[in-house]
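Quick notes on the structure that follows.
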Amino acid sequence: MARPRQFDEDRVLDAAGEIFWAKGYEATSTRDLTDRMALTHASLYNAFGDKRGLYLKALQRYLDRNLRSRIARMEATYSPGLTIVGYFEEIVERSLADAEHRGCLLVNTALEARSDDPEMQRAVADETAEIEAFFLRTVTAAQASGEIPANQPPEDIAKLLLSVQFGLRVLVRVRPERELLNGILRPAMAMLTLPWPLPESRPDG
Numbered sequence: 001m002a003r004p005r006q007f008d009e010d011r012v013l014d015a016a017g018e019i020f021w022a023k024g025y026e027a028t029s030t031r032d033l034t035d036r037m038a039l040t041h042a043s044l045y046n047a048f049g050d051k052r053g054l055y056l057k058a059l060q061r062y063l064d065r066n067l068r069s070r071i072a073r074m075e076a077t078y079s080p081g082l083t084i085v086g087y088f089e090e091i092v093e094r095s096l097a098d099a100e101h102r103g104c105l106l107v108n109t110a111l112e113a114r115s116d117d118p119e120m121q122r123a124v125a126d127e128t129a130e131i132e133a134f135f136l137r138t139v140t141a142a143q144a145s146g147e148i149p150a151n152q153p154p155e156d157i158a159k160l161l162l163s164v165q166f167g168l169r170v171l172v173r174v175r176p177e178r179e180l181l182n183g184i185l186r187p188a189m190a191m192l193t194l195p196w197p198l199p200e201s202r203p204d205g
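At position 32 of the sequence shown (counting the first as 1) the number is 32 in UniProt numbering, and the numbers step up by one without a gap.
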């Protein structure tokens, strides 16, 4: 009979995610993980299999707490067009507030994913498809409501916004400059006839 785990899985996944986010997958050692997670090597491997298994679970935990919760909150708060604006505005604010300039764990994973690691590549690809689907449904709804012109296929706009997000997250690691990020987003939002940033009268999110 398997013994119950003697630790809080969410807590240790958060701890693992923090060290992976700061150092990257390859540079993070098992010692780094056990020290941060306050687990023995045996407990780590018994619970998560190996470093890759732990990383993928920590990545999913990060995405649940950050990406998916942000999408749900924005979609519940704003009109479709302003959902896009609010989503990017929060990315900018969180990125600039991060003193370590870590960027995004998903984007960092994409940069580290190697051709000989199809499991990692597939995990990243699945998440990018989820983000693209979010953009597609918001753009489609915003075009239907008249917030965004219908002169471009929503599928193309969704792909463009996905590339903008990834570009922002890479740049902020080396150039965490508000005007640089605003300079990218102003024309992107203007192309969609959306304001940048959100109007001052926006509801609280």
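Glycine included, C-beta positions come from ideal geometry on N, C-alpha and C.
Since this is a predicted model, take the numbers as computed values, not measurements.
Check	Outcome
When Leu-63, Arg-61, Glu-89, Tyr-62 are compared against Met-74, the one with the closest alpha-carbon	Glu-89
Between the CA atoms of Arg-102 and Thr-34 - distance to the nearest angstrom	21 angstroms
Beta-carbon proximity check, Ala-158 vs Leu-192, cutoff 8 angstroms	no
DSSP three-state assignment for Asp-35, whether helix, strand or coil	helix
Stretch pair the segment 91-109 + the segment 168-182: three plus CB contacts closer than 8 angstroms	yes
Rounded separation between Trp-196 and Leu-168 - CA only	15 angstroms
Alpha helix (DSSP H) segments (min. 4 residues) lying fully within the segment 102-178	105-112, 118-145, 154-174
Touching by the beta-carbon criterion (3+ pairs, under 8 angstroms), the segment 42-50 and the segment 114-130	no
Neighbour-count burial assignment, Thr-30, 16 or more Cβ in a 10 Å radius	exposed
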